[in-house]
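As structure tokens, the structure follows; a few thoughts come after it.
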Amino acid sequence: MKLKNKRKTQHKTCDICQPTAIDIFSGSGGLTVGLKRAGFRVVAAVEIEQHAFATYKTNHPEVQAYKQDVRTIKGKSLLACSPNGEVDLLSGCPPCQGFSTLTARHKRSDPRNELILEMSRLVEEVQPRIVMMENVPGLPKKGAELFDQLLQKLDSLGYVSEWGILQVADYGVPQSRQRLVLLAGKGFPIHLPKPTHSKSGEDGLKPWRTLRDAIGFMPEPVVLADTQSTGGPQRYNWHVVRSLSPETLKILKAARPGESRLKLPEELRPPCHQNRTDGFNNVYGRMSWEQIASTITGGCTTVSKGRFGHPEKDRTISVREAALLQTFPMDY
């Protein structure tokens, strides 16, 4: 009996000693995966979108996740999820669409932009030791006023902030993706991490992870329409692709790995791209086995929305392949 009680005490002590984290704007839980890999115990998460929330809860059932507008969550509710009533890290990736360079210049201000200030409100209410925020590189320009407000608020609360634009391929992610990362410590600085990889292995670092490294082992996927009568995409671990129209298929067959749409024969280009060299050049393109992937977006299973064509097969990457390029586990 004494041994049993001792084991219980040790388990509780371990829980209390493990650094705790909160993930707001948690989406489907990619950041939580990273935090767990880094040794954190994620005690709470906040997400309003129903499909993202359902995915989060399926993969992280032990986390106290709130399906609600972040503006309605209170710091005391989040602190109550921690075993010792304190939180080591408050992390979040606020909506970034309004700050992205992909957003049309004439588009009105996105109402979600203001949500970045919920980060500073919750920092004030939770008082974590560390703050981490990720967003798009355009934030300091397109969202300069809001970003300055956030930095000033953190400073007034006693946090020492450091931020920069990082290329995630420099840290082992097999895609080209530049992100703004902000780190802040309560009374102490936290320096941005040094790269672990470089394009060709320069400076003694590991070379960038290529598309082949990430998905070269994957078998042929199933067409989404063919899964409807056989259990749905879940049965195939989401290794599914869209059907392609004859017109799109003809374009994809002519595309060369790693090259832009400007290399396509003029007659195969969509009317909006004919006789034009402006706009996005990576649409209707194929990825290359020996390069990192293009930036994965919500349109990554659609040929017209980026260089998402498979290097060899006449298809796009699958949903599961896109997830692997985002470094989600195979069984997520």
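Residues 1446 to 1777 in this note's numbering are what the sequence shown spells out, letter by letter.
Note that the Cβ used here is the ideal one computed from N, Cα and C, for glycine as well.
Just so you know, these numbers come straight off a predicted model, no measurement behind them.
- As the crow flies, the alpha-carbon of residue 1580 is around 26 Å from that of residue 1650.
- For residue 1766, the uninterrupted alpha helix (DSSP H) run begins and ends at 1764 to 1770, by DSSP.
- Here residue 1462 is exposed, its C-beta having fewer than 16 other C-beta atoms within 10 Å.
- Annotation for residue 1657: no beta strand (DSSP E) segment contains it, though the alpha helix (DSSP H) segment containing it runs 1656 to 1660.
- Looking at the DSSP output, residue 1578 bridges to 1537, 1627.
- In this chain, the alpha helix (DSSP H) harbouring residue 1696 covers 1691 to 1699.
- Take the alpha-carbon of residue 1665 and the one of residue 1529: they are about 48 Å apart.
- Classified as buried, residue 1587 has 16 or more neighbouring CB atoms from the shown chains inside 10 Å of its CB.
- By the neighbour-count definition (other C-beta atoms within 10 Å, threshold 16), residue 1661 is an exposed residue.
- Check the Cα spacing between residue 1744 and each of 1768, 1704, 1628, 1757: the tightest is with 1768.
- The beta carbon of residue 1527 lies closer than 7 Å to those of 1465, 1488 in the same chain, with the five residues before and after it left out.
- Put simply, the backbone Cα of residue 1520 is about 20 Å away from that of residue 1474.
- Spatial neighbours of residue 1652 in its own chain (CB-CB distance under 8 Å, excluding positions within 5 residues in sequence) are listed in chain order as 1642, 1643, 1644, 1645, 1646.
- Pairing residue 1510 with residue 1490 gives a Cβ-Cβ distance under 8 Å.
- Taken atom to atom, the span from the alpha-carbon of residue 1631 to that of residue 1604 is near 4 Å.
- In this structure residue 1619 touches residue 1654 by the C-beta definition: roughly 4 Å separates them, less than 8 Å.
- Remark: C-beta atoms of residue 1535 and residue 1561 do not approach each other more closely than 8 Å.
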